[in-house]
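Counting from 2, one number per residue, gives the positions in the sequence shown under this note's numbering.
Here the structure comes first, spelled out in structure tokens, and everything after it is commentary.
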Amino acid sequence: MNPDGIVRSEPELEPHHADVIRATLPLVAANIDRITAVFYRTMFDAHPQLLRDTFNRGNQAQGTQQRALAASIATFATYLVDPALPHPATMLSRIAHKHASLGVTSDQYQIVHDNLFAAIVDVLGADVVDAPVAAAWERVYWLMADVLMDQEKGLYAEAGVDSGDVYRDVRVLARADDPSGVAVFTVESADPAVELPGFVPGQYISVGVRLPDGARQLRQYSLVGLPGEGTLSFAVKRVEAAEGCPAGEVSSWLHENLHPGDALQITLPFGDVAVDTTATTPLILISGGIGVTPTIGALEYLAAHAPWRRTLVVHADRAPRTHPLCDRLHDLAARLEQGTVEIWYEEPAPGARRGRVDLSALTLPADADAYVCGPPGFLRDIQRQLRAAGVPDDRIHIEQFTPADAGAPERVAR
Ligand SMILES: Cc1cc2nc3c(=O)[nH]c(=O)nc-3n(C[C@H](O)[C@H](O)[C@H](O)COP(=O)(O)OP(=O)(O)OC[C@H]3O[C@@H](n4cnc5c(N)ncnc54)[C@H](O)[C@@H]3O)c2cc1C
Ligand code: HEM
């Protein structure tokens, strides 16, 4: 079973294909960045609407999505030729949830296939990619695609929708501007006959906005409200321009343009780093910066439905003025019967520890599941500290707000 509880068929590579993959993996790995660059360029040339309306062009500009795709294929191929390695179930589940949140459908896998294989031939040359090499990599691609398509079908079925039918028109009910500069938006269905679904704390929606150049860009936002209220709330940190990097497109647009009464497009909630609400064991919720949003979602749920559950909240930020939803975090934690909050600020502040999070200064509850969200460097550091404290890998659940590449914390090692 994968983390969604979906039965997974074990992908297996035939021995003759495995030999070819073993022999060519180093060459493909050495050229994978060039291959993915050519792949996305040719795919977007042929299907410009994919870059305009589906893919995140900020991630494309930064190269993070290219690295994530390359890393995922390399990880999957490596697993196929060495099944003794840990199954990359967590990686696959993350991708499937992200795809479902964007409404990816099975027929689109052929488009990706055609452009990816054209890019492989373009970069490595037709003499290297001869018939056996092409056939072996085709097999790897379709084995991976089959796993993803199966999981995505399962996610759509679970949500009770046709494949890809995840977009919903909503209206902004409320906007609250937090002193940290984060804006919290609450939306309701634009059509009273269509209800917005529930979700599990930790899940996210994609928010789509039409930008001034006509592109419909989508970004994910973790849900911070209470499930089952018929509304969905998310908190957006504005990404400011810095060091030659432009301001974030969607977060800036939302901050500047979105107010109560306005129309917006969102997708249904997905996301596999969701709190197990059926468990009774303790929780450790660890966040850095805007990574606090899944923690807020979890605390909302716990305060309303499981205030008895022992919960340790750890948050790291620069200073109280930069700490998103600081008052809300303390108010919610105060409603828990066994809730503890530990804050680390880089700048000195009353009631907070100073510097970087040091979990060895705390007593971590035994048998706890840890949910961690924050910038990639923070995630790697916290993962290391949790492991050092004896928390097993299958109890460390990591969410990250950027595409997961080879430098990401080891979400595959389950
Ligand atoms: C599962 C998940 C949950 C999330 N939850 C939240 C949440 O609760 N709250 C929240 O605020 N965010 C959340 N995020 C992040 C959010 O989805 C967006 O990534 C974020 O709002 C930035 O989007 P943007 O359009 O403003 O920035 P983008 O325009 O996408 O830019 C992102 C970065 O790329 C850089 N960039 C863009 N173009 C270029 C270029 N040409 N050259 C160099 N650099 C460039 C920008 O400077 C910026 O630093 C989440 C992400 C995920 C995946
Ligand atoms: C076997 C084929 C595929 C693989 C291996 C793959 C892999 C990935 C990976 C690794 C990510 C990043 C997940 C993360 O956020 O960490 C991703 C995201 C994404 N994928 Fe795929 N994918 C495949 C097929 C497809 C198809 C068919 C489509 C449809 C057009 C698609 C569209 C997207 C989009 C839009 C994103 C989000 C991009 C972003 O936010 O920058 N993918 N995929």
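Idealized CB from N, CA, C, for every residue including glycine.
Check Asp-394 in the structure and name its three-state DSSP category.
Helix.
Mapping the DSSP letters down to three states, classify His-88 as helix, strand or coil.
His-88 falls in the coil class under three-state DSSP.
Please identify the residue among Ala-97, Pro-87, Val-82 whose C-alpha is closest to the C-alpha of Leu-70.
Selected option, being the one with the closest Cα: Ala-97.
Taking C-beta to C-beta, are Ala-132 and Val-82 nearer than 7 angstroms?
Taking 7 angstroms as the Cβ cut-off, Ala-132 and Val-82 do not qualify as a contacting pair.
Beta-carbon within less than 7 angstroms of Glu-241's beta-carbon, same chain only, minus the 5 sequence neighbours each way: which residues are those?
So the qualifying residues of the chain are Ala-248.
Using C-beta distances below 7 angstroms, list every residue in its chain close to Val-21, excluding the 5 sequence neighbours before and after it, in chain order.
So the qualifying residues of the chain are Pro-133, Val-134, Ala-137.
Work out the CA separation of Gln-401 and Leu-330 for me, nearest whole Å.
Cα-Cα distance, rounded: 20 angstroms.
Give the straight-line distance between the Cα atoms of Ala-405 and Thr-65, rounded to the nearest whole angstrom.
Rounded to the nearest angstrom, the two C-alpha atoms are 8 angstroms apart.
Measure how close the beta-carbons of Val-315 and Val-274 come, nearest whole angstrom, since I'm counting them as under 8 angstroms.
Contact doesn't hold; Cβ gap of about 16 angstroms is too wide.
Ignoring anything shorter than 3 residues or poking outside the region 234–313, list the beta strand (DSSP E) runs there in chain order.
Here the runs fully enclosed are 264–268, 284–289.
Return yes when the C-beta of Pro-213 is under 6 angstroms from any heavy atom of ligand 1, and no when it is not.
Answer for Pro-213: no, Cβ out of range of ligand 1.
Given a threshold of 16 other Cβ atoms within 10 Å of its Cβ, counted over all protein chains shown, does Ile-397 qualify as buried or as exposed?
Buried, because 16 or more other Cβ atoms sit within 10 Å of the Cβ of Ile-397.
I need the straight-line Cα distance from Cys-246 to Met-150, nearest angstrom please.
Approximately 35 angstroms between the Cα atoms of the pair.
At a threshold of 6 angstroms, does Thr-294 count as lining ligand 1 (C-beta to nearest heavy atom)?
Indeed, a heavy atom of ligand 1 lies less than 6 angstroms from the Cβ.
Expressed to the nearest angstrom, what Euclidean distance is found between the alpha-carbon atoms of Phe-40 and Val-129?
Taking the straight line from one Cα to the other gives about 18 angstroms.
Whose CA, out of Leu-227, Gly-292, Pro-84, lies closest to the CA of Leu-326?
Checked all of Leu-227, Gly-292, Pro-84; the closest Cα to Leu-326 is Gly-292.
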